[in-house]
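Novice:
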DNA sequence: CGCCGAGTTGAACTGAATCAAGAAACGTGG
DNA sequence: CCACGTTTCTTGATTCAGTTCAACTCGGCG
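Protein chains in written order, with the numbering used here: chain E, 3 to 189; chain P, 3 to 189.
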């Protein structure tokens, strides 16, 4: 819980009562490796945060599984479209390691946002961060080749290779497993 | 101004005084075709809205010009990273047609957000919309081929071909002008 | 008429996907 | 602790979408 509150404070420093209020709507559960937090077709009601652990967001696309996001150690994640638009999610979420997962229900968040301008503002900052990350990822996909994207990922999470199967990493990078293998072993 | 206020109301229906307050920080200017709203290297202080008209956001990348965004008739646009992070923008913005452009200064917006929870919430919704669009565009770039992306663009703005040179459209779609030409004339 | 920018067409090339085997690592039961 | 099957990863050959480079067409317009 301290890590969660530290990450929140980093985005926008809430007053003490607001922080307490905000933290109060987060529930924590420890999931075994391979457990599903969300299945495809459900409306995703939660925004999540992983403690120490690893989580994968993926979906089915023409008999292939696409890894949409990988969240390791102390990071937020959620199904953007489903959470905001309240529509069933194509995405599924499962753990890659036994992980402590914190989750906050959409309705609780909305209710707090109504009551508290401060929390509304925090939430706005969280979305802004997502938007900027989304832009950066888009540019990476559009202009960087397989090798550059792989390097970028390694810079951000050097230990990801030891913790996530290559097939997931390849899909997350938008390349095939074979290409990733070649890129890794080149030179 | 009515169009601007209509688009705002669509995202989040402000109370009358809040709407008046919000509209009051927007200034309007009519720019001739080819005029620059923003040059690369400047911090972008504004969020923009085009009335009837057309605007292009672009940047220099290794002696090529990349068209990052095209905004036609009654749409918002801005340099996301520069606006939020207050860093110099790689992006430049110019008009493709004589256009009425509305602009809102970052600091005015922030001040209003401090004062008014309602406006903060509107702003949050605006960013959320951007985030969802960004996700959709990312998926389009990653998984759709040149022909599909072209079709998607046409569906969204059928008259864009008549108003924007092909070289800009190609770059916006992330393909070369030659490929766009082939895609257009195929079959 | 000749030039100029915008768009098209053709041919060669390239990065990554696909298809197809293999090799290595992993774990489960004997 | 080993043997076996399964999953994960690598390697090779071929194919393909899209790029690059170069030449060409077309429609203004001074």
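Just so you know, even glycine gets a beta-carbon here, dropped at the ideal spot from N, CA and C. Note that the structure is a prediction, hence the values are computed from the model and not measured.
1) Kindly list, in the order they appear in chain E, the residues whose Cβ is closer than 9 Å to that of residue 51/P.
2) For residue 24/E, which residues from the same chain have a beta carbon less than 6 Å from its beta carbon, with the 5 sequence-adjacent residues on both sides left out?
3) Can you tell me the Cα-Cα spacing of residue 152/E and residue 63/P, whole angstroms?
4) Listed from N- to C-terminal order along the chain, which residues in the region 92–122 of chain E have their beta-carbon within a distance smaller than 8 Å of any beta-carbon of chain P?
5) Which first and last residues belong to the alpha helix (DSSP H) in which residue 131/E is found?
6) Which term fits residue 174/E, buried or exposed, when burial requires 16 or more other beta carbons within 10 angstroms of its beta carbon?
7) From the DSSP output, in three-state form, read off residue 89/E for me.
8) I'd like to check one pair, residue 143/E with residue 143/P: are the Cβ atoms closer than 7 Å?
9) Spell out the partners DSSP gives residue 72/P in its beta bridges.
10) Going by other Cβ atoms of all chains shown within 10 Å of its Cβ, with 16 needed for buried, is residue 3/E buried or exposed?
11) Which one of 164/E, 21/E, 159/E has the shortest CA to CA distance from residue 99/E?
12) Cβ of residue 176/E less than 7 Å from any chain P Cβ?
13) When the Cα atoms are used, what is the spatial distance from residue 180/E to residue 66/E?
14) Mind checking which residues open and close the beta strand (DSSP E) that includes residue 22/P?
15) Considering only the beta carbon of each residue, do residue 93/E and residue 81/E sit closer than 7 Å?
16) Going by C-alpha distance, which of 182/P, 170/P, 161/P, 56/P is nearest residue 147/P?
17) Check the Cβ-Cβ distances between residue 126/P and every residue of chain E, and say whether any is below 7 Å.
18) To which residues does DSSP link residue 45/E through a beta bridge?
19) Taking the Cβ atom as the reference point for each residue, do residue 96/P and residue 38/P lie within a distance shorter than 7 Å?
20) My output table needs one value for residue 189/E: the three-state DSSP class, helix, strand or coil.
21) Under the assumption that residue 139/E contacts residue 140/P (Cβ atoms under 8 Å), give the Cβ distance between them as a whole number of angstroms.
22) Looking at C-alpha atoms only, which residue of 44/P, 109/P, 178/P, 75/P is the closest neighbour of residue 162/P?
23) Any heavy atom of the ligand PLP inside 6 Å of the beta-carbon of residue 44/E?
24) DSSP puts residue 103/E in a beta bridge; with which residues?
25) Is it true that the CB of residue 84/P sits closer than 7 Å to the CB of residue 46/P?
26) Starting from the C-beta of residue 115/P, find all residues in its chain whose C-beta is less than 7 Å away, skip the five residues before and the five after it, and write them out in chain order.
27) Is the Cβ-Cβ distance between residue 1/E and residue 178/E less than 7 Å?
Specialist: Checking against the coordinates, here is how it stands:
1) Under the 9 Å cutoff, chain E gives no residues; its nearest Cβ is about 18 Å from residue 51/P.
2) 121
3) 21 Å
4) Listed in chain order, the positions of the region 92–122 of chain E with a beta carbon within less than 8 Å of a beta carbon of chain P are 115, 119, 122.
5) 119–145
6) buried
7) coil
8) Yes, Cβ-Cβ distance for residue 143/P and residue 143/E is below 7 Å.
9) 58/P
10) exposed
11) 164/E
12) yes
13) 15 Å
14) According to the DSSP assignment, residue 22/P belongs to no beta strand (DSSP E) but to the alpha helix (DSSP H) extending over 18–26.
15) Taking 7 Å as the Cβ cut-off, residue 93/E and residue 81/E qualify as a contacting pair.
16) Closest by alpha carbon: 182/P.
17) So yes, residue 126/P belongs to the interface.
18) 90/E
19) yes
20) With a pLDDT of 48 at residue 189/E, under the threshold of 50, the predicted position of this residue should be treated as unreliable, though the coordinate-derived value follows. Residue 189/E falls in the coil class under three-state DSSP.
21) 6 Å
22) Residue nearest to residue 162/P within the set 44/P, 109/P, 178/P, 75/P is 75/P (criterion: CA-CA distance).
23) In terms of ligand content, the structure shown is empty, and the ligand PLP therefore cannot be addressed.
24) According to DSSP, which records beta bridges pairwise, residue 103/E is partnered with 31/E, 52/E.
25) yes
26) 121, 122, 125
27) Because chain E here runs from 3 to 189, residue 1/E falls outside it and cannot be looked at.
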